[in-house]
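As structure tokens, the structure follows; a few thoughts come after it.
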Amino acid sequence: MLSFENAPPFAAPLRFFLTAPLFSLAAGLLLMAAGPDLLASRWTPGLLAATHLITVGFMLQIMLGALIQILPVVAGVNLGNPLRVARWLHAGLSAGAILLASGFLWGAPALLSAAALTLALTVAAFLVVTGWALYGVPSTSPTIRGIKVALVGLAGAVGLGTLLALAIAHGWAIPLPLLTDLHVGWALGAWAGILLAAMAFVVVPMFQLTPGYPARPSWWFPRLMLGLMLAWALAVHLDAALAIRLIQASAALLGIAFLLLTLRLQMQRRRARADATYRYWQLGLASAIFALAMLLTAAVWPPLADLGGWSTFAGIMLLVGGFMSFIIGMLYKIVPFLAWLHLQNQAKPGRPVPNMNKILSEAAMRHQMRAHAAALVLLLAAAIRPDWLARPAGAALALASGWLFYNLLGAALRYRLHLQKVDREEAPAV
Amino acid sequence: MSHSKTPHVVDARYMEPPEPFVQTMEMLDILKPGEKMLLLLFREPHPLYKVLTQNGYAYETELLADGTFEILIWR
Numbered sequence: 258m259l260s261f262e263n264a265p266p267f268a269a270p271l272r273f274f275l276t277a278p279l280f281s282l283a284a285g286l287l288l289m290a291a292g293p294d295l296l297a298s299r300w301t302p303g304l305l306a307a308t309h310l311i312t313v314g315f316m317l318q319i320m321l322g323a324l325i326q327i328l329p330v331v332a333g334v335n336l337g338n339p340l341r342v343a344r345w346l347h348a349g350l351s352a353g354a355i356l357l358a359s360g361f362l363w364g365a366p367a368l369l370s371a372a373a374l375t376l377a378l379t380v381a382a383f384l385v386v387t388g389w390a391l392y393g394v395p396s397t398s399p400t401i402r403g404i405k406v407a408l409v410g411l412a413g414a415v416g417l418g419t420l421l422a423l424a425i426a427h428g429w430a431i432p433l434p435l436l437t438d439l440h441v442g443w444a445l446g447a448w449a450g451i452l453l454a455a456m457a458f459v460v461v462p463m464f465q466l467t468p469g470y471p472a473r474p475s476w477w478f479p480r481l482m483l484g485l486m487l488a489w490a491l492a493v494h495l496d497a498a499l500a501i502r503l504i505q506a507s508a509a510l511l512g513i514a515f516l517l518l519t520l521r522l523q524m525q526r527r528r529a530r531a532d533a534t535y536r537y538w539q540l541g542l543a544s545a546i547f548a549l550a551m552l553l554t555a556a557v558w559p560p561l562a563d564l565g566g567w568s569t570f571a572g573i574m575l576l577v578g579g580f581m582s583f584i585i586g587m588l589y590k591i592v593p594f595l596a597w598l599h600l601q602n603q604a605k606p607g608r609p610v611p612n613m614n615k616i617l618s619e620a621a622m623r624h625q626m627r628a629h630a631a632a633l634v635l636l637l638a639a640a641i642r643p644d645w646l647a648r649p650a651g652a653a654l655a656l657a658s659g660w661l662f663y664n665l666l667g668a669a670l671r672y673r674l675h676l677q678k679v680d681r682e683e684a685p686a687v
Numbered sequence: 003m004s005h006s007k008t009p010h011v012v013d014a015r016y017m018e019p020p021e022p023f024v025q026t027m028e029m030l031d032i033l034k035p036g037e038k039m040l041l042l043l044f045r046e047p048h049p050l051y052k053v054l055t056q057n058g059y060a061y062e063t064e065l066l067a068d069g070t071f072e073i074l075i076w077r
């Protein structure tokens, strides 16, 4: 009776989860190879490449892969052919991330243009497929509304990113710094931030046994954040510098409010044991609050952002400390759970299925998390003292990412091993 | 646990999956004709909805201010 009808096959999301750590590993290796020069400012080609290896190669990869899996569970909708969607989406995102990072790194207009087109087409196709599936589905929960609004944010973020990449490739005269900040706002606020909240409404109470998110702010958060990003775009269009600062400060405050609410819910959780997911979320919450507080301070007093390392420090705090921690924390629940669920569906009634801890052990996750936390500390220190610490910080990020890959690959292999056992038992005894 | 809508309540708000699903199925098995049951959760259980519809059950969901989804189920 546990069979979740039409649940996408495990292979659909798994390919994204296994590839993503390789991109953050590549970001670490890049920092290790390039050294301190990479962190000289937020505009160095190397840092732009490394940032997009993490945001497109790691984050976007996992977020879209997980959406394919989770849409039936949280919204009751299925994509037409999830495995086929997963195949071309995975290929497009992987190729796009590699092209984009190479384009930045070597300043190659052809690579940048190819990256922009690949990512724009891939994401547009994904938006059409999910938009089609979600069309006419009523927003009966804040999560469904959040996903719909986040997809608008994704369209804006990728649209702006495409424009920027093409402008850099072809030397178009557009206000690059203003539009880059707007692109970051849409990508991390309107897309990743709203999607994170929409998922948190479901997974924080479910996985960490906390109280639920109060309904009213949950309904409002996605619309408010998107509204702020639209206002930001308008302010850029009108070249209204003070309005831009005011909107940035408001968006940072809205983000902090959501994070503080999540922190409060976690403090009321009914599970005494602090598992890897819980610890990862604690790290993510603390880091993201710190990063947004930095953005808020810089919006109030802009000269701060010109301090050496300020922007890089805040960016590392938000991406590696915040988003990566939230995402890995969720993966550590989702991957063993999906493996268990698919094994359960394949097994004969009454046949035991290995428990989730056998598929991915708590100790393995905890050790990897320590490596991730150490990488975060080193990267932050490297933002302040690149000359000493850039290379060790790159090595630490590569190590933590490689370890994540090893953990997830191990879980996938153990899943396949058990699946083969199930198949053998199911074989007719003739 | 009882509730103004029905005495048959599964409060699954602090349970880990798949416990809410299992307990709901067990409760449905012991319901007498004409009786309703109420499931309390902090999320909307879409996979359960599908199973309910396939098995001829009807349901009605209400989201309360504290984030609780009240799902009233009957046949």
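Here the protein sequences line up with chains A and B, keeping their order.
Read the first sequence against the working numbering and you will find it ends at 687, with the numbers running on by one and no gaps.
Read the second sequence against the working numbering and you will find it ends at 77, with the numbers running on by one and no gaps.
Note that CB positions come from ideal geometry on N, CA and C, so glycine has one too.
- For the stretch 312-342 of chain A, the set of residues with a beta-carbon nearer than 7 Å to any beta-carbon of chain B comprises Pro329, Val330, Val331, Ala332 and Gly333, in chain order.
- Counting along the chain, the unbroken alpha helix (DSSP H) around A:Thr437 starts and ends at Leu433 to Val441.
- Apart from sequence neighbours up to five positions away, the residues of its chain that approach A:Gly303 with a beta-carbon distance below 6 Å are Ala291 and Leu295, ordered along the chain.
- Chain-ordered, the chain B residues with CB closer than 7 Å to the CB of A:Thr397 read Glu46 and Thr63.
- For A:Trp597, DSSP assigns no beta-bridge partner whatsoever.
- Between A:Pro366 and A:Gly322, the gap from beta carbon to beta carbon reaches 8 Å or more.
- By the neighbour-count definition (other C-beta atoms within 10 Å, threshold 16), A:His599 is a buried residue.
- Against chain B, the beta carbon of A:Tyr470 has neighbours under 7 Å at Gly69, listed in chain order.
- The distance from the Cβ of A:Ile451 to that of A:Leu483 is about 7 Å, consistent with a contact at the 8 Å cut-off.
- The C-beta distance from A:Arg648 to A:Met289 rounds to 5 Å, short enough to meet the 8 Å contact threshold.
- Below 8 Å, enough C-beta pairs join the stretch 534-554 of chain A and the stretch 586-594 of chain A to call them touching: three or more.
- Taking every protein chain shown into account, the CB of A:Trp660 has 16 or more other CB atoms within 10 angstroms, so this residue is buried.
- The stretch 348-368 of chain A makes contact with the stretch 305-315 of chain A; the number of CB pairs closer than 8 Å reaches 3 or more.
- With its beta carbon less than 8 Å from one in chain B, A:Val459 belongs to the interface.
- The way I'd put it, the stretch 518-535 of chain A doesn't touch the stretch 559-574 of chain A; fewer than three beta-carbon pairs between them come closer than 8 Å.
- If you draw a straight line from the Cα of A:Ala631 to the Cα of A:Ala653, it is about 7 Å long.
- The beta carbon of A:Met463 falls within 8 Å of a beta carbon belonging to chain B, placing the residue at that interface.
- Measuring C-alpha to C-alpha distances from A:Ser582 to each of A:His440, A:Trp300, A:Phe315 and A:Leu376 identifies A:Phe315 as the nearest.
- Closest option to B:Met39, judged by alpha-carbon separation, among B:Val12, B:His48 and B:Ala67: B:Val12.
- A straight-line Cα-Cα distance of about 31 Å links A:Arg623 and A:Leu511.
- Among the CB atoms of chain B, one or more fall inside 8 Å of the CB of A:Arg473.
- Excluding residues up to 5 positions away in sequence, Pro462 lie with their Cβ nearer than 6 Å to the Cβ of A:Gly469 in the same chain.
- Look at the beta carbons and you see the stretch 378-398 of chain A touching the stretch 331-342 of chain A: at least three pairs across the two are nearer than 8 Å.
- Take B:Pro49, set aside five residues on each side of it, and the residues of its chain with a beta-carbon closer than 8 Å to its own are Phe23, in chain order.
- The beta carbon of B:Pro19 falls within 8 Å of a beta carbon belonging to chain A, placing the residue at that interface.
- Looking at the backbone, the Cα of A:Ile616 and that of A:Gln625 are separated by about 16 Å.
- Contact between A:Leu350 and A:Leu317 holds, since their C-beta atoms are separated by about 6 Å, short of 8 Å.
- Of the candidates A:Ala373, A:Leu520, A:Arg502 and A:Met456, A:Arg502 places its Cα closest to the Cα of A:Ala562.
- As the crow flies, the alpha-carbon of A:Met320 is around 10 Å from that of A:Ile327.
- In terms of beta-carbon proximity, A:Leu346 stays away from the interface with chain B, with every pair separated by 8 Å or more.
- By the Cβ criterion, the stretch 427-445 of chain A is in contact with the stretch 478-498 of chain A, since at least three pairs of Cβ atoms, one from each stretch, lie closer than 8 Å.
- Close to A:Arg527, with beta-carbon spacing below 8 Å, are these residues of chain B in chain order: Tyr16.
- When beta bridges are read from the DSSP output, B:Trp76 appears opposite B:Ala60.
- A Cβ-Cβ distance of about 17 Å is found for the pair B:Glu46 and A:Thr467, leaving them out of contact under the 8 Å criterion.
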